[in-house]
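Per this note's numbering, residue 34 is the first one in the sequence shown, and the count goes up by one each step.
C-beta atoms are modelled at their ideal positions from N, C-alpha and C, and glycine is treated no differently.
Take a look at the structure set out below.
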Amino acid sequence: MGILKLDRIDRTLLEALQQDARLTTAELAERVNLSPSPCARRIRRLEQHGLITRYRAELDRERLGLDVIIFVQVRLSQHQDALVEQFEAAVREMPEVINCHTISGAFDYLLQVVTADLRGFEGWVRRLQQLPMVDSVDSSFAMRAVKENGALPLPTPPADARPGRHDHP
34 MGILKLDRID
44 RTLLEALQQD
54 ARLTTAELAE
64 RVNLSPSPCA
74 RRIRRLEQHG
84 LITRYRAELD
94 RERLGLDVII
104 FVQVRLSQHQ
114 DALVEQFEAA
124 VREMPEVINC
134 HTISGAFDYL
144 LQVVTADLRG
154 FEGWVRRLQQ
164 LPMVDSVDSS
174 FAMRAVKENG
184 ALPLPTPPAD
194 ARPGRHDHP
């Protein structure tokens, strides 16, 4: 499926839902000057095209006692498919890992980890280092968050797009 062309109304709906997914269809419809039924159809279309993949609550990490954020770079000793799959499966099962990406450079993975304290991180990193395919681990502790949980930037329409024109696949 290709990239869905978004008009002003689609972008406004997506921006609003990224800020507050609990908005009702009526509230969203009011923001985009539509009646609730066409607004609901647009949201359903955005869901069906995979632009909206899920709705979830954003929890306050600090109120949950998860005060430490660590960025962990991991290098694997070997890169056979089976070992890579085992590592990735193990990481998916670690609740402390909230994000994991393959990266370019000297390391293979960048993990974002949250724990209550340094002792919790020490226990977690020991479990990580026990994985047989892990060669080395480098950790950086976040001092403070400047920006977290940012909304995704939405594409702007081409300069030749005319207001009021709605191109939908």
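Taking the C-beta atoms as reference points, A139 is found no nearer than 8 Å to L164. The residues E91, in chain order, have a CB closer than 7 Å to that of N182 in the same chain once the five nearest residues on each side in sequence are set aside. C-alpha of R87 to C-alpha of E63: approximately 22 Å in a straight line. Residue pairing by DSSP places C133 opposite L144 in a beta bridge.
Contact annotation, D171 with S110: C-beta distance approximately 15 Å; criterion of less than 8 Å not satisfied. By the CB criterion at 8 Å, L143 and Q106 fall inside the cutoff. Here the alpha carbon of I42 sits roughly 16 Å from the alpha carbon of D53. Apart from the 5 residues on each side of it in sequence, C72 sits with its Cβ closer than 6 Å to the Cβ of T58, L61 and A62 in its chain, given in chain order. Under the three-state reduction of DSSP, R160 is assigned to helix. Contact between the stretch 35-49 and the stretch 77-85 is present: three or more C-beta pairs spanning the two stretches fall below 8 Å.
Between the alpha carbons of L161 and R125 lies a distance of about 12 Å.
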